[in-house]
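Numbering (full-length UniProt numbering), first residue to last: 1 to 426.
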């Protein structure tokens with residue numbers, strides 16, 4: 001669609017060209033007005049959309065994994081555990097804090113060391129050593145004021161653990177119903193960890209980041225504009241050797257050939273050396289990679305983080321439910337892409353707001369789709385927990401490489417089990 005402002009601008013350009021054409025001395029032949037307008041309006045809208053990912057050894061992700069490991073440990077012992085666990089790491093110091101009410105008993109310090117070891121931080125030269133890191137644990141009980149509003153005898157009337165709004169998104173541009181930039185960025189980050197751990201590139205360190213920029217024509221991915229990888233490495237490895245190794249062992253096995261053209265730029269460690277990494281280079285904090293965790297910036301975010309929170313916290317459970325709804329909506333063929341939004345009040349089970357936006361790709365109006373989704377899904381907090389079976393220790397596996405669009409792990413909110421109900425309603 002061409003708006004009024006665009007048409008007005010085109011008209012001015014056409015008038016200017018016709019004015020020039022009237023000057024016979026120029027001897028220039030111009031196409032008719034209709035052809036000029038067609039050529040201008042037929043030009044595609046070009047957008048460059050970028051998304052980033054980080055490896056499991058990134059300081060923020062260390063904290064996310066520790067917080068979710070503690071959550072899983074409590075849920076394994078007591079499914080009704082209420083957990084809000086935060087981690088903070090700076091240099092050789094780790095602080096674990098938060099509010100937990102549970103019948104379970106968890107050695108948070110021991111668990112944190114296991115997580116750090118599993119990531120690969122076993123030498124202070126890498127930025128951290130699981131054996132020598134100093135750990136302080138400060139975990140308290142959940143406030144009874146919060147518990148009073150959330151815990152109710154009728155489980156389906158269980159109130160939301162906090163106020164806020166949550167978003168879910170899905171599109172048909174990848175097999176995982178995720179935007180292409182974040183899909184590729186996560187795949188590259190996972191590959192960095194894989195080649196480090198399996199010995200293909202043993203000189204890589206645990207810390208790393210990736211970023212992919214995709215060129216879109218009229219909303220459809222056309223080609224990759226650039227790929228950026230910043231990876232921690234051993235001091236004896238040159239940037240040239242690193243770039244060659246990453247191209248052969250990381251980029252080529254992951255990125256489809258048809259998406260890389262002559263104009264695609266590949267950047268590896270643009271600042272040069274990246275030897276000092278992990279918490280020795282940057283401070284880490286739970287919940288600071290919320291865009292990496294979701295849709296790479298191509299969809300809205302309500303602001304609430306996921307890691308360290310049990311499913312009574314709608315920041316987490318409702319965001320999962322919104323992804324579930326959006327993915328089923330697109331997978332059912334009702335739209336090419338969809339963003340689903342919901343809002344809650346603390347202590348109240350019924351959502352305060354619900355909205356669907358298909359960006360003009362829906363087969364029926366967004367209002368009708370919203371009504372249909374409301375009939376197919378129950379978005380009361382307890383119903384979400386029940387339908388997605390969320391009172392299980394499944395969260396550590398989500399704490400790195402994204403919570404959505406995963407094919408390497410089985411996540412209930414990635415199920416397309418409601419397709420038939422949506423299609424029947426349509």
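Quick reminder that beta carbons are idealized off the backbone N, C-alpha and C, glycines included.
Contiguous beta strand (DSSP E) elements confined to the stretch 339-420 occur at 353-357, taking only those with 3 or more residues. Counting only residues of its own chain and dropping the five nearest sequence neighbours on each side, residue 305 has a CB closer than 6 Å to the CB of 287, 290.
Look at residue 81 here: in three-state DSSP terms it is coil, with no helix or strand label. Sequence-distant partners of residue 326 (beyond 5 residues in either direction) whose C-beta falls short of 6 Å from its own C-beta, in its chain, are 168, 169, 170, 338, 340. Within 10 angstroms of the beta-carbon of residue 423 lie fewer than 16 other beta-carbons, which makes it exposed. Nearest in C-alpha terms to residue 363, of all of 331, 184, 350, is 331. The beta carbons of residue 75 and residue 108 sit no closer together than 8 Å. The beta carbon of residue 95 sits closer than 6 Å to those of 88, 136, all from its chain and outside the five residues before and after it, given in chain order. In the DSSP assignment, residue 109 falls within the unbroken alpha helix (DSSP H) covering 108-119.
Spatial neighbours of residue 129 in its own chain (CB-CB distance under 7 Å, excluding positions within 5 residues in sequence) are listed in chain order as 121, 122, 123. For residue 350, the closest C-alpha among the options 66, 93, 158, 83 is that of 158.
Leaving aside the five residues that flank residue 277 on each side, the residues in its chain whose CB is nearer than 6 Å to its CB run, in chain order, 127, 205, 207, 232.
Close CB contacts of residue 385 within its chain, under the 7 Å cut and outside five residues either way in sequence, are with 311, 317, 391 (chain order). Per DSSP, residue 269 is not a residue of any alpha helix (DSSP H), being assigned neither H nor E. Our two residues, residue 64 and residue 308, have alpha carbons roughly 7 Å apart in a direct line. In this structure, residue 375 and residue 425 form a Cβ contact; the two beta carbons are roughly 6 Å apart against a cut-off of 8 Å. If you ignore the 5 residues before and after residue 272, its C-beta comes within less than 8 Å of the C-beta of 239, all in its own chain and listed in chain order. Taken in chain order, the whole alpha helix (DSSP H) runs of length 4 or more contained in the stretch 53-79 are 59-77. In terms of CA proximity to residue 222, 49 leads the group 49, 396, 407, 86. Residue 361 and residue 388 have their alpha carbons spaced roughly 28 Å apart.
Rounded to the nearest whole angstrom, the CA to CA distance from residue 409 to residue 397 is 8 Å. Residue 279 and residue 91 have their C-alpha atoms some 5 Å from each other. Remark: C-beta atoms of residue 292 and residue 53 approach each other more closely than 8 Å. The three-state secondary structure of residue 95, taken from DSSP, is strand.
Around the CB of residue 178, 16 or more other CB atoms lie within 10 Å, so the residue is classed as buried. Excluding the 5 residues flanking it on each side, residue 383 has same chain C-beta neighbours closer than 7 Å at 156, in chain order. Inside the stretch 253-308, DSSP marks whole beta strand (DSSP E) runs of 3 or more residues at positions 265-268, from first to last along the chain. Look at residue 129 here: in three-state DSSP terms it is strand. For residue 228, the enclosing beta strand (DSSP E) covers residues 220-233. Taking 8 Å as the cut-off, the beta carbon of residue 215 is found closer than this to the beta carbon of residue 46. One thing to note: residue 51 has its Cβ no nearer than 8 Å to the Cβ of residue 201. Nearest to residue 262 by C-alpha distance, out of 209, 253, 227, 353, is 227. For residue 352, same chain residues with a beta-carbon under 7 Å away, outside a window of 5 residues either side, are 343, 344, 345 in chain order. In the DSSP annotation of this structure, the continuous segment of the alpha helix (DSSP H) that includes residue 328 starts and ends at 314-331. In this structure, 102 is the residue among 85, 97, 102 with its C-alpha nearest to the C-alpha of residue 78. For residue 86, the secondary structure class from DSSP, reduced to helix, strand or coil, is strand.
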